[in-house]
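Residue numbering for the sequence shown follows my numbering, beginning at 12 and increasing consecutively.
Even glycine gets a Cβ: it sits at the ideal position worked out from N, Cα and C.
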Amino acid sequence: MSKKNKKILFFGPVASGKDTQTFLLAKKYCLPVIAMGNLLREQAEQKTQLAKKLFSYLKSGNLVPDYLVLKIVQKRLAKKDSKAGFILDGFPRDLVQARSLEKITKLDYVFELKLSNQEVLKRVADRRICHCGATYHLKFKPPQRKDICDKCGKRLFIRDDDQPAVIKKRLQIYQQNIKALRRFYQKQKNYYLIDARPSIEEIHKKIVSKIDPESSSG
Ligand SMILES: [Zn+2]
């Protein structure tokens, strides 16, 4: 295995399999996943001045300002477990944050999972959930009986967040933000565009082959 650092950023639209790929990669290389949402909530529970400020933003539902987000990321990246590598999730969201991040650390790999809007809508339309917390996908993880939960026998339904109008809106916002971000990272040698249509295993292999070029031959 190469001794190179593995500071990794993933981005991709909803339903692109980003979370699954992040999980697999983190497991393979023992990397901490630094998820922005969790990190903010975690920090807000501390008893520092920073936490107090942060808490008031989170409580009001307002967007946490960049300088605060950055301070928290910087603090997290300084921890011992992320010295040799980490996977960033949900940050940076836009060009301003990306530029600020560069001042703190240098990313080794940037992976963009590419999936067309049409494909995203198709994938999300097949998602089902149950009140008990079980999740299904009609194509990738179907229930044994149509529309019925395997675990508790109740009827499955589509989450409000998965309604086509909501997804379309989210995609629109994502595409807007990602344009400048993509242009920024495309100029760097460590940017990889990955087709998100193949199977989970195939995509994982592809990503690993970029990190460990030698491993793909064996
Ligand atoms: Zn259920």
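- Contact check between the stretch 172-184 and the stretch 89-106: fewer than three CB pairs, one atom from each, fall below 8 Å, which does not count as touching.
- Within the stretch 87-141, the complete alpha helix (DSSP H) segments of 4 residues or longer fall at 106-115, 128-136, listed in chain order.
- A straight-line Cα-Cα distance of about 7 Å links Ser111 and Leu81.
- The beta-carbon separation of Ile218 and Ala207, rounded to 11 Å, does not stay under the 8 Å limit for a contact.
- Residue ranges of uninterrupted beta strand (DSSP E) with 3 or more members, entirely inside the stretch 16-79 and ordered along the chain, are 17-22, 44-46.
- DSSP, reduced to helix, strand and coil, places Leu149 outside both helices and strands of the structure shown, so it counts as coil.
- Here Leu35 is not near Leu106, since their CB atoms are 9 Å or more apart.
- Rounded to whole angstroms, the gap between the alpha carbons of Arg170 and Phe66 is 28 Å.
- For Leu167, no alpha helix (DSSP H) segment is defined, and its DSSP state is neither H nor E.
- For Asp158, the three-state secondary structure derived from DSSP is coil.
- Near ligand 1, meaning a beta-carbon closer than 6 Å to one of its heavy atoms, we find Cys141, Cys143, Ala145, Cys160, Lys162, Cys163, Lys165.
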